[in-house]
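In my numbering, the protein residues as written are 45 to 179.
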C-alpha cells in the first residue's frame with residue numbers, strides 16, 4: 045500500500061518490494077528506487093519469502109536476496125501462514141502462497157513429526173502451534 049491505496053501495478057509492486065531495506069544509521073525501513081529514497085512504515089513484516097530451494101536449503105526474499113532457511117525459527121501465524129526469521133534473525137518474513145507451497149512440497153511426515161529436505165538431508169521441523177509459538 046502507498047498512502048492507503050493498494051499498489052496494483054505488478055512491475056511497480058515488485059520494484060517497491062525489491063527496494064525495501066533497513067537503514068542502520070537511522071534505525072528505520074526505507075524503500076530505494078534508483079535515486080529516490082523514502083522512509084516507510086512497516087505495519088507487520090518487511091520481507092516476504094517467495095521461494096524455497098531444497099537443494100541449497102535457501103529461501104528467496106522479495107528484496108531479491110537469498111539466505112539459508114532458519115528451520116528452528118519456523119512458526120505459523122494466526123492466519124496459518126508460515127513465518128521465519130531472516131537477515132541474521134533480526135527481522136521476520138512471511139511466506140507468500142507460492143513460497144509456502146514450495147516449502148510444503150519438501151516436507152514429509154516421519155516418526156510422529158515432520159522433516160524438511162534441506163541441502164540433501166532431512167531436518168526436523170519444529171512443532172508449531174497456530175498461535176505462532178512453539179507447541
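Idealized CB from N, CA, C, for every residue including glycine.
Whole angstroms are fine: how far does the CA of residue 123 sit from the CA of residue 139?
Each residue's Cα considered, the two are about 11 angstroms apart.
Since I believe residue 163 is in contact with residue 93 (beta carbons under 8 angstroms), could you give me their beta-carbon distance rounded to a whole number of angstroms?
That pair is no contact at about 17 angstroms.
Have a look at residue 71 and residue 155 and give me their C-alpha separation to the nearest angstrom.
Taking the straight line from one Cα to the other gives about 44 angstroms.
Helix, strand or coil, according to DSSP, for residue 109 in the structure here?
Reduced to three states, the DSSP call for residue 109 is coil.
Host alpha helix (DSSP H) of residue 148 (start-end):
141-148 is the extent of the alpha helix (DSSP H) around residue 148.
Between residue 153 and the ligand ADP, is there a pair consisting of the residue's CB and a ligand heavy atom that are separated by less than 6 angstroms?
Among the components modelled here there is no ligand, and therefore nothing to report on the ligand ADP.
How about residue 129 and residue 114: are their beta carbons less than 7 angstroms apart?
Contact: yes.
Sort out for me which residues DSSP pairs residue 119 with in a bridge.
In the DSSP assignment, the residues bridged to residue 119 are 127.
By Cβ distance below 7 angstroms, which residues in the same chain neighbour residue 146 in space, the five residues on each side in sequence not counted?
Correct list, in chain order: 95, 96.
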